[in-house]
Every structure is written in C-alpha cells, then in structure tokens.
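In this note's numbering, the protein residues as written are 5 to 665. Data block below; observations after.
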Ligand code: T1G
C-alpha cells in the first residue's frame, strides 16, 4: 500500500492493521506547523478508519522528534498548537504507541510521554532540554514526566535538561521495551493494547511515597548549577505542583510559565547561543571542500595539555601516537593518559571496557619516525617559537605528505610556525582549552596559507571529538585570549582607580560568571602572564597605561592558588581577602597620585563588558572573528561568560539603548 500524505512532512501507511505515521522533517524532525497539522490530520483520519486499530508514531532518519521548531519562536503562532496535538494523542480512542527511533527531545519527548506506550530503539534518547533554552517544557512535560518516573527523577531530568539513553530510559520506566526494530515492536505492543483500557499518562497519580529529603536534594543539586537563571527553578516548581494540581490546572500553569519565559531576555540569549554554537564551525564556501579521513592522531608532548588532547582523541575512537623526547618521558605520558582515563571511568564517562579499548589504541614513543602513520599531528609542546619551529621543521620531513600538522599554541603566531615547513598549506591551529579532555571549546585557526581542505578536515575532526570548533584568524591570543587580556586590563585599571579585587569578582559572580577574574587568575597561576609581561616590557608603548599591581604581587612570591597566595590568600585552601593585597594596591595608587573612588557593581560590569565588546569589534573588523556570535561562543565556553546572558556581543546589542551606569 502506498504512503498516504497528511502534510509535506507527515505520511502514513497501514501495516498489520496499525497505522504507522512517519514524521519526516529534516534535519531533526522538529514540530513545525506543517508537522503539527499533519499529525492532527492523521489522527482525524484514523479516528474514522475501521481498518486501523491503532497508531504507531515514529521519525524518519536518525531522530524521533527534536522538539518544537526553535526557529518559530518569536513568530506569530500557527494553529494547531502543540499542546492541542498532544492532548488529542493522549485522549485518542485507539492505542497510540511511540516507536522512538532516535532522540525524543523537548516537544518530541512530550509527544512520546502522551502516547499510550513507548518502544525504544538502540539509539533512542529522551530529554526535556528546555531549561537550556531559558524556558520550561510547554506541552505537558513538567506534568506528565513526574507521573511516569516520579518527582526526584523528573526534577533531575527537567531541571538539568540532560537526556537519558535507552538503558536509563527503561530503568526509569519511560519505555515499555527495547527493540532493534522499534516500529515492528511498537506494532506488536499496539495489538496487545487493542480492546484494553488505555494507559493515559495524564491521569496517573504522581507516585506519592517519595522521600521529601530526596526531593529537596534533587532540587538543591539543580539550583546549585543554575546561578542567575530562572528557568530551572520555575521548572522544579511546576514539577512539584503535580502533587497538588490536577492535570488541567497543572497544564495551564505550565503553559503560562512557558509563555512568560519564552519572551524573557534569558531565553532570547540562550536561543542565540544555540544557533551561534551551530554556526561557529561553519565557513562560507567550505562545504565543497572534501575533508580528509583522520583516524590516527599523533600528539607531540604529553604534559597536561597533550595528555588531555590524547584522551579526547582516544575517547572518540581514534588511534593515538604520543611522542615524547625520551623513553622515560614517554612512560610518564602514558601514565598521565591512563590516569585521566581512569578518572573518566570513575566519573562514569567511560566503562572499564571503554578504558581498556582506549589504552589498546594508544602508542607512546620517543621515536619521531613512528609518526609516519599519523593522519594528523597535534603539537602541544612548550609555548616557545624556536622550540615549535624546530619541531615543525623536523616533523615536516618525517610525516606523510598528506598528513595535517596542527599547533596548539596559545599566543605564538602560527603563520611563523607554518613558515618552517615546506608546505604551510597543511598547517592549521588547534587551540584546545585545559583540561582538553573536558573543555568543549577549540579555536580552529585558519592560518594565512591553510588549505580549505585542511581547515575542513580540522573542523570535522574537532566535531568528531564531540567538541565545539570556532574558526578564527591569526592574531596574538586568537579570539578568547585577546578578549580575556582586554577585560583583564580593564579590571586592573579599575583596581588602580579604586575598586578591590573582591569587589570586581563579586560583580562578575553576581552577573553569572562562576568565578571572578582575579579568582580565575589565582587558579591558573600568575607566573605565565608575568613572564609574558616581562618579555613584552622592552616593546611596550611607554605612553600606554600600565598597571603594576600584578607585577608587585608576583615579585612578592604571590603566584596564585598553588603558592597559597595571589590576589587572595588561601589558608586551608579557602579563598580569603588578604589585607596585604589591599596594601599593595594602595601603594601603587599612591605612587601614581591616583585619588581612589568607589565603583558600583553595575559600573564595574558595564566597564568590563565594554572592554570585551570593543576588543570583539576590533577582531571582527580585522576578520579574526567572522561573526559576533563566534565571540560569544568562545567567551561562554572558554571563559565562564554566563550563557544566559548570551555572550558579550549579544548582551551589548540587547542593552545598546540603555544608558551605561
Ligand atoms: N528547531 C529548529 N532547528 C533545530 C532544532 C529545533 N528544535 N534542533 C536542531 N535544529 C537544527 C540546528 O540548528 C542545525 O541547523 C540542525 O538542526 C542540526 O542540528 C514545546 C518549547 C536534535 C540532538 O532543544 O539538541 O520543544 O546548523 O547540529 O548534532 O516544550 O540538534 O544545520 O542549519 O545540533 O545531530 C527542545 C535541540 C526545543 C533540541 C541533533 N529541543 N536540538 O543534534 O545536529 S523547545 C531542543 C538538539 C521545545 C516544547 C518546547 C540537537 C539534536 P543547521 P545539530 P546534531
């Protein structure tokens, strides 16, 4: 029998007396107006079709339903609305079973929750990630999920927005079964349901016997991670209300909250981040460049950065050759990599078998000639131009002609490193952030001579690591460190003018940064920036304003957390304000005859944001960054800028009509 179309993206066919409805709306089967109207039409059709005893709902391709169409947010609503479609499914007179073939997210999960049964395929996942978009589920998720899996698990999932895979979904009671052919199994389940009273999720009473302490603990865990955001707390309130409100009241409260949050600045910011993250790895005109297959990755240098990169590559299925200068150093590198893998095992990110497989794909060596097998070489040695150019010259003669050479330099000019090779078109920058096996962000540096195919391969490689690539051009410090330096400089100007480190940090933390800039500097250690300042001293513009406070601290042996003292003191490891630091700051101010004045938190933030935005604007003008959103993505994922503010460029654009403090 031919497929019956119900709209451009919804069609169905009868199989064994069951109407199998397929949503085919690439790329992720989002619930656009066309899908919603197609679903309604299919339901109408089956309601009066005697030949069909039930419905099975599934997605074409690798996704079940990726959720509401985020691109429709902010546009005039088009009927039918999703809650209507979902209520129709739940109330339907014949069984409706979801064959969850892939991700069921947001509205997609809500559709699945309203079905009378759920069969999951091996690649299925369920999640209500709405809080990550600054909203709460808007089509019954907060009311139906707790009815199926209880309050504690629902608070965890909805409050964090995390998705669960097949095994956890079954354990939580979200799925009735797993099948390699979920549609076939869903048809069988639909037959079992026929003629029996249907399980309507909305009428289930929320399991009552839950431990109130466990509910509070789940709530506290979510709130601890959602500093400055309102959606997670609102989502928890709605989930908890299922104990008191009936479905209708609960749905009305949920919808009102959803509509209010959808129009909030928090949601606008997070939606911007969603699309900016997906745009950041794209380069105009690059689609056509075919990327090279990268299976074997060589990592040169197995310090903190190199071993982190090796773990990231191993964990995503690559073979890794780690090169060190001696056998002893190679053995040390191997131990570091194994330790990091063990840590992933302990935190549940890796299974024991997974760890063993990773180790089996790792080769450590002191023989550069072993790198002949590598498709990509990532250099992570000491950040010194001579060391790096020597290394690239040597590697150039060893690796295959089609191998890509990448440098992980933070501040050096990758064009100068590339110039040491015969073929600089195969050189690219891959600036990982530490710890490289954890941090998602990678700045992919498109050097002056990088071939399009090499850039495309590097981007595909980074995406394959499960990381977030942002393309940038060459400048000292690329996007992130350039902006970080600018705002650090501004913070130090304010210190000299009268603010204290703890006041600046408090303003940043109140804005939503997990940690203020001085606390961050202490964590990272002050010595690297000190060494750089000393190197730059001879060439520094004598007319430019220079703040010596950090130098004075370093000279006094205050090198940050590791040395027990920096911008703060750390007795027993705890960050505390140190009067000695205040005295150093006051002495520097006095020496320059600066009359100290006070700063409000709003003024501190306004000046720091302006410093970031001015530098960002210059990077855009120079073509180092392609889009303002790329800068936002870097600052959010590499430097703790709160995602719910959208990044510095977005925040500035939003506030451009407001007077500065
Ligand atoms: N709406 C519109 N476009 C979307 C989309 C969506 N929900 N999800 C993805 N895209 C686009 C994305 O911009 C990209 O476009 C392409 O699809 C591939 O995405 C009522 C209110 C499903 C796990 O938050 O998590 O439901 O860049 O690169 O790695 O309560 O996309 O190619 O032009 O990410 O294979 C809740 C968001 C919505 C899910 C697939 N749903 N999506 O990952 O591909 S709110 C979400 C994802 C909601 C209800 C509420 C992932 C994915 P382009 P991709 P992927």
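A virtual CB, placed ideally from N, CA and C, is assigned to each residue, including glycine.
At a cut-off of 7 angstroms, would you count residue i as near ligand 1, judging by its Cβ distance to the nearest heavy atom?
i	result
residue 130	no
residue 279	yes
residue 70	yes
residue 473	no
residue 74	yes
residue 117	no
residue 460	no
residue 553	no
residue 158	no
residue 139	yes
residue 86	yes
Determine, for residue i, whether the minimum Cβ-Cβ distance to residues of chain D falls below 8 angstroms.
i	result
residue 65	Although the question refers to chain D, the structure presented lacks it and comprises just one protein chain.
Using CA coordinates, which residue listed in the options is at the minimum distance from residue i?
i	options	result
residue 524	570, 132, 552 and 322	570
residue 512	464, 284, 231 and 239	231
residue 284	591, 59 and 447	447
residue 468	210, 225 and 322	322
residue 69	97, 91, 103 and 59	103
residue 34	56, 20, 428 and 74	74
residue 607	598, 498 and 642	498
residue 393	371, 412 and 60	412
residue 456	131, 443, 430 and 442	430
residue 483	634, 126 and 26	634
residue 71	101, 91 and 39	39
If you draw a straight line from the C-alpha of residue i to the C-alpha of residue j, how long is it?
i	j	result
residue 664	residue 651	Because the pLDDT of residue 664 is 48, which lies under 50, any placement of that residue in the model is unreliable, and the number read from its coordinates should be weighed accordingly. So the alpha carbons of these two residues sit roughly 18 angstroms apart.
residue 36	residue 194	26 angstroms
residue 287	residue 474	10 angstroms
residue 481	residue 415	5 angstroms
residue 11	residue 76	18 angstroms
residue 644	residue 636	11 angstroms
residue 106	residue 41	22 angstroms
residue 576	residue 496	27 angstroms
residue 237	residue 163	7 angstroms
residue 376	residue 340	24 angstroms
residue 660	residue 654	10 angstroms
residue 564	residue 187	58 angstroms
residue 533	residue 399	29 angstroms
residue 28	residue 222	37 angstroms
residue 235	residue 620	29 angstroms
residue 254	residue 346	45 angstroms
residue 622	residue 277	21 angstroms
residue 476	residue 435	10 angstroms
residue 140	residue 336	48 angstroms
residue 154	residue 23	31 angstroms
residue 326	residue 535	28 angstroms
residue 149	residue 46	25 angstroms
residue 401	residue 395	10 angstroms
residue 428	residue 304	18 angstroms
residue 190	residue 296	40 angstroms
residue 111	residue 646	26 angstroms
residue 308	residue 631	31 angstroms
residue 426	residue 329	23 angstroms
residue 208	residue 169	24 angstroms
Tell me the residue span of the alpha helix (DSSP H) that contains residue i.
i	result
residue 513	505 to 515
residue 88	86 to 95
residue 520	It is not in any alpha helix (DSSP H) - residue 520 carries neither H nor E in the DSSP assignment.
residue 311	308 to 319
residue 553	553 to 559
residue 113	111 to 118
residue 324	First-last for residue 324: 323 to 327, but that is the beta strand (DSSP E), not the alpha helix (DSSP H).
residue 245	235 to 245
residue 396	389 to 400
residue 333	331 to 350
residue 223	216 to 228
I'd like the span of the beta strand (DSSP E) that includes residue i, first residue to last.
i	result
residue 261	Residue 261 -> not in any beta strand (DSSP E); alpha helix (DSSP H) instead, spanning 251 to 266.
residue 367	366 to 369
residue 562	Neither: residue 562 is in no beta strand (DSSP E) and is coded neither H nor E.
residue 483	Premise fails: residue 483 is in no beta strand (DSSP E) and is neither H nor E.
residue 300	300 to 304
Segments assigned alpha helix (DSSP H), at least 4 residues, entirely inside the region 611 to 646: 632 to 643
Unbroken stretches of the beta strand (DSSP E), 3 residues or longer, contained in the region 133 to 206: 167 to 169
Whole alpha helix (DSSP H) elements within the region 570 to 599, 4-residue minimum: 583 to 595
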